[in-house]
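Quick notes on the structure that follows.
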Amino acid sequence: MELTLWTYEGPPHVGAMRIASSMKDIHYVLHAPQGDTYADLLFTMIERRGQRPPVTYTTFQARDLGGDTAELVKKNIKEAVERFKPKTLLVGESCTAELIQDQPGALAKGMGFDMPIVNLELPAYSKKENWGASETFYQLIRTLLKEKVSYSKKISPLRWKEYGRRPKVNILGPSLLGFRCRDDVIEIQRILSEQGIDTNVVAPLGASPDDIGRLIDAEINICLYPEIAEASCEWLKRNFGMEYTNTIPIGIKNTIEFINEVHKKLDLPLTNKKELENKSKLPWYSKSVDSNYLTGKRVFIFGDGTHAIAAAKIAKEELGFEVVGLGTYSREMARQVRATAKELNVEALITNNYLEVEDAMKKAAPELVLGTQMERHSAKRLGIPCSVISTPMHVQDVPARYSPQMGWEGANVIFDDWVHPLMMGLEEHLIDMFKHDFEFVDGHQSHLGHTATNTKDILNSDEKEENNPKEDIIWTESGRAELTKVPFFVRGKVKTNTEKYAILRGIPEISDETLYDAKAYFS
Amino acid sequence: MSKVEFNKETGPREVFCGLTSIVWLHRRMPDAFFLVVGSRTCAHLIQSAAGVMIFAEPRFGTAILEEKDLAGLADAHEELDRVVNDLIARRPEIKTLFLVGSCPSEVIKLDLATVAEKLNKRFLGQVRFVNYSGSGIETTFTQGEDGALKALIPLMESSNEEKLLLVGTLANNVEDRFKKIFKNLGITNIESFPPRQSTELPKIGKNTKVLLTQPYLSDTVRDLKHRGCEIISAPFPLGIEGSTEWFLAAAKAFEISELKVHEIISPLINRAKLALESHKEILKGKRLFLLPESQLEISLARFLHNECGMDLIEVGTPYLNKDLMKEEINLLPDNTKIVEGQHVEKQLDRVRESNPDLVVCGMGLANPLEAEGISTKWSIEMVFSPIHGIDQAADLAGLFSKPLKRNQILTSKTLVTH
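Residue numbers (the numbering used here), protein chains in the order written: chain A, 1 to 523; chain B, 1001 to 1418.
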């Protein structure tokens, strides 16, 4: 049993709903009690969808449990099939139905329908949302394509040459409630098209079961979101020999590497290599002199595996930040995140507990947080600027404007989204610096709210940290005055370090000189 | 009783479960913690309905069952023990801990009553434990509050003191208004249940006169009756009419003259009628379809028809206690179609066929209906907004007039459309 105040991921059947709702001509009969219908609002409110998710909840009640819940399942399946006439039916159960073991998938298969039926077994007490989405997508592809598996004939990535046409690829993984998927797909299709590569199928987002049947018309698969599509790509590789890409095109370097990888796999000559460097404004904006102040900014990163890893690479290599924390809530991606963290010389944080993330954030004393909506709230409490880079989705993460994360435009969006909060941070610093000037209007409101941005708060703050060394230590007038002059975003850290140093050296009173001694000692 | 048409429907539903009521209960009693014993789905439901992220640490959480908890109940009890110990160590300010049963905990027959009993012994004098079920296989949405209140009744001491007990969660400001009005009427001993602090439970007995503020408290009412309380029969204090009847019923129980009541509340009524005018202008003659969710539907239908001039197409309710709703049903116009339960697909067919001007529904259905050109109002807002009482009548009407007004603005012919 795990005490959870808030969770980054929903249960696995919500992942299945993401796949079903992303697609056309599919219906999902979910053996579940009425409360589970809350999940509809994730799609209709957060994504602002104008259609209900294609889901029928069997809505069993306590009084049904003594009787025949299996009959109830069959009745709902029959009604749903008659009403919605899906081309493929998904059948599964949520946490409670898993316990009563009606096996709705098997029941559905015994009802004599013509359409393919996918029996979803998503263990609700051990797995989570992304796993559920991945498994559903995989089972769906497997069901719809298993009869076409031919063990003798593998798909060659070079066959487009024989066919005398442009190479074709599938873009796999984008789904509803995925971070900026809608716009990433447009961006990636545009990039591929510029390179003379056609998109065969995008799935699950916008695809129908017929489109799934056509997946094998493409030469290779683009695995855009491994959390959702890697298992499917792997199955297509094993059974049809279809190669798939490993590079996630987030950031300039990765976008270029992605284009290279696609060309290499298709044996397609890359003709516009030089041009690629200038497709996005990020490299120049990052190089321009006023970005100098970005150098070495301490950044703390937490999110899903794919976006966290990409963010770490961009932060370090493309913006010149220092990554002081990296973590993910995706246990399935823990290995990759650990590897990236190791390269960056930080310890990876793998957790589903947001309070642990907040603690780690506090300890790392970053100047910028890149996280989920939850880290945005934690950062706000700590008075640190934050930009959101990952699910879980919030209505803010479905902006009206075109706002991808991937490709050239994605890099532009990332530059703006990450740097603007820092500029606000700088403004904050200036406000702090100038607040004693007579021209300064008292009561200037901080955009960060009334957070601990002044020395008094920091000196008086009741920090719950262990090993808090501040007992018995006195801050002299000059020490306090000097601390005021330290930029607010590192003031907490400077204070703690100075106190640590004072204890280490047995200095009972901290003066301005002690601050400088400590600074030299820790640098 | 007016000639109301009663129907029952079963089938797939689109209704929240009782766990959702934690969202307002935890705010009412800031010294209490609600620990759901359930699955990741339960945790996800509550956080999705409640916008949990704004809290540094919310006063509700879920002990998520894992595979190993399902293997043996003895272990599950031990695990729950451990979770509770950790929680209390971390949150020493908690005075009452509600152990809330869920669909999975009910199905595996986790005995929360026994767990609560044991914990009560261990934490005697520090934290009180009560348990109830908010499971979706037994309760819908607002019924969760019914369960929570019922669970508190055994902890209420007995007293034969005469008092008026307001039962059902109210917004604090509305509660204050009501108390002031009752004091003006001459009723001085007034308490509320649930109280603002979980430890300050009112004492009850044969001279306790219970006045319900919410229509979804069937089980609580039954247990209060068992404790000797007198239940005042009245419509619910929504709108001018309902609130007036409600005050009159209370006054009668305390032998206060009708004249006195009218004297005190008529200035309020006049003021409220004036405020209601502009909303009435928009709502009059508009056709309303209420889908089942909060159990407030019947009272809302009565208010929107009688005071705002709306026509009622269908009044859905997830559950109907005819006895408790007697006074409300009497006030409904003849031939009102009440549908208890739901077959969401068939009901949506009726929505589309009847071409309503406004549909009251849950959040899952609102945008899809809007996309079809049907204006909607989310029912969940009714349980979060201060809507009770004469002074709030115009605000209540405003919740329904706003979507229609907005629709008028956005489809105005003066706008150049692209």
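The beta-carbon is built from N, C-alpha and C at its ideal position, and this holds for glycine as well. Note that the coordinates shown come from a computational prediction; the quantities given were computed from them, not determined experimentally.
Between the alpha carbons of residue i and residue j, how many angstroms are there, rounded?
i: residue 1032 of chain B; j: residue 352 of chain A; result: 25 Å
i: residue 1297 of chain B; j: residue 293 of chain A; result: 59 Å
i: residue 523 of chain A; j: residue 281 of chain A; result: 34 Å
i: residue 183 of chain A; j: residue 1324 of chain B; result: 53 Å
i: residue 103 of chain A; j: residue 1101 of chain B; result: 25 Å
i: residue 70 of chain A; j: residue 1392 of chain B; result: 48 Å
i: residue 190 of chain A; j: residue 406 of chain A; result: 11 Å
i: residue 209 of chain A; j: residue 54 of chain A; result: 14 Å
i: residue 1017 of chain B; j: residue 1155 of chain B; result: 25 Å
i: residue 1122 of chain B; j: residue 1345 of chain B; result: 50 Å
i: residue 1352 of chain B; j: residue 1314 of chain B; result: 12 Å
i: residue 1019 of chain B; j: residue 100 of chain A; result: 21 Å
i: residue 463 of chain A; j: residue 520 of chain A; result: Unreliable positioning characterises residue 463 of chain A in this predicted model, as indicated by a pLDDT of 43, which lies under 50. A coordinate reading is not provided.
i: residue 1226 of chain B; j: residue 1083 of chain B; result: 35 Å
i: residue 1105 of chain B; j: residue 1213 of chain B; result: 31 Å
i: residue 42 of chain A; j: residue 475 of chain A; result: 51 Å
i: residue 1381 of chain B; j: residue 412 of chain A; result: 39 Å
i: residue 956 of chain B; j: residue 1402 of chain B; result: Not covered by the structure: residue 956 of chain B. The range shown for chain B is 1001 to 1418.
i: residue 1284 of chain B; j: residue 1310 of chain B; result: 5 Å
i: residue 457 of chain A; j: residue 1149 of chain B; result: Caution applies to residue 457 of chain A, whose pLDDT of 48 falls short of 50 and renders its modelled position unreliable; the value that the coordinates give is listed next. So the two alpha carbons sit approximately 42 Å from each other.
i: residue 276 of chain A; j: residue 108 of chain A; result: 51 Å
i: residue 116 of chain A; j: residue 237 of chain A; result: 22 Å
i: residue 1339 of chain B; j: residue 1308 of chain B; result: 22 Å
i: residue 1365 of chain B; j: residue 56 of chain A; result: 13 Å
i: residue 19 of chain A; j: residue 119 of chain A; result: 14 Å
i: residue 340 of chain A; j: residue 496 of chain A; result: 29 Å
i: residue 461 of chain A; j: residue 513 of chain A; result: Here residue 461 of chain A scores only 48 on pLDDT, less than 50, and its place in the model is too uncertain to base an answer on.
i: residue 180 of chain A; j: residue 257 of chain A; result: 21 Å
Thinking just about the alpha-carbon of each residue, which of the options is nearest to the one in residue i?
i: residue 418 of chain A; options: A:320, A:44, A:160; result: A:320
i: residue 7 of chain A; options: B:1047, B:1111, B:1133, B:1072; result: B:1047
i: residue 132 of chain A; options: A:229, A:195, A:88, A:198; result: A:229
i: residue 1158 of chain B; options: B:1114, B:1224, B:1192; result: B:1224
i: residue 1317 of chain B; options: B:1050, B:1282, B:1254, B:1361; result: B:1361
i: residue 35 of chain A; options: B:1401, B:1171, B:1363; result: B:1363
i: residue 273 of chain A; options: A:194, A:175, A:374; result: A:194
i: residue 168 of chain A; options: A:199, A:161, A:178; result: A:199
i: residue 1347 of chain B; options: B:1004, B:1012, B:1003; result: B:1012
i: residue 1336 of chain B; options: B:1304, B:1146, B:1068, B:1367; result: B:1304
i: residue 309 of chain A; options: A:389, A:289, A:235; result: A:389
i: residue 1292 of chain B; options: B:1271, B:1319, B:1302, B:1281; result: B:1319
i: residue 1058 of chain B; options: B:1071, B:1027, B:1079; result: B:1027
i: residue 1062 of chain B; options: B:1276, B:1075, B:1103, B:1275; result: B:1103
i: residue 239 of chain A; options: A:51, A:374, A:215; result: A:215
i: residue 393 of chain A; options: A:14, A:364, A:1; result: A:14
i: residue 145 of chain A; options: A:232, A:44, A:492; result: A:232
Round the Cβ separation of residue i and residue j to the nearest angstrom and send it over; I've been treating them as touching at under 8 Å.
i: residue 1127 of chain B; j: residue 1094 of chain B; result: 6 Å
i: residue 226 of chain A; j: residue 306 of chain A; result: 6 Å
i: residue 1221 of chain B; j: residue 1289 of chain B; result: About 29 Å; that fails the 8 Å criterion.
i: residue 1066 of chain B; j: residue 125 of chain A; result: 5 Å
i: residue 314 of chain A; j: residue 251 of chain A; result: 4 Å
i: residue 1087 of chain B; j: residue 1025 of chain B; result: Between residue 1025 of chain B and residue 1087 of chain B the Cβ distance is about 17 Å, and since that is not below 8 Å, they are no contact.
i: residue 96 of chain A; j: residue 32 of chain A; result: 7 Å
What I want to know is whether the C-beta of residue i ends up closer than 7 Å to one or more non-hydrogen atoms of the ligand ZN.
i: residue 1287 of chain B; result: Ligands displayed in this structure: none; no statement on the ligand ZN is therefore possible.
Can you list the beta strand (DSSP E) stretches of 3 or more residues lying completely in the stretch 1195–1273 of chain B, in chain order? 1208–1212
Residue ranges of each alpha helix (DSSP H) run of no fewer than 4 residues wholly in the stretch 1024–1066 of chain B, ordered along the chain? 1040–1050
For the stretch 124–184 of chain A, list the beta strand (DSSP E) runs that are entirely contained and at least 3 residues long, ordered along the chain. Listed in chain order, they are 168–172.
Ordered list of beta strand (DSSP E) runs contained in the stretch 1160–1199 of chain B, each at least 3 residues: Segments of the beta strand (DSSP E) lying fully in the stretch 1160–1199 of chain B: 1163–1167, 1190–1193.
The stretch 1189–1196 of chain B contacting the stretch 1232–1239 of chain B, beta-carbon criterion three pairs below 8 Å: no
Sequence ranges, alpha helix (DSSP H) only - wholly within the stretch 229–270 of chain A, length at least 4: 252–266
Taking one C-beta from the stretch 356–366 of chain A and one from the stretch 380–397 of chain A each time, how about it: are there three or more such pairs within less than 8 Å? yes
I'd like the ranges of any alpha helix (DSSP H) spanning at least 4 consecutive residues and lying wholly in the stretch 1320–1380 of chain B. List check, alpha helix (DSSP H) in window: 1326–1331, 1344–1354, 1363–1371.
Where in the stretch 12–57 of chain A do unbroken runs of the alpha helix (DSSP H), each at least 4 residues long, occur, reported from the N-terminal end onward? Taking only runs of at least 4 residues, the alpha helix (DSSP H) segments lying wholly in the stretch 12–57 of chain A are 12–22.
Evaluate contact between the stretch 132–141 of chain A and the stretch 63–78 of chain A, counting only Cβ atoms and requiring at least three cross-stretch pairs below 8 Å. no
Mind the definition here: the stretch 1253–1261 of chain B touches the stretch 1195–1206 of chain B only if three or more C-beta pairs lie below 8 Å; say whether that holds. no
Every unbroken beta strand (DSSP E) within the stretch 1123–1157 of chain B, with a cutoff of 3 residues, ordered by chain: 1128–1133
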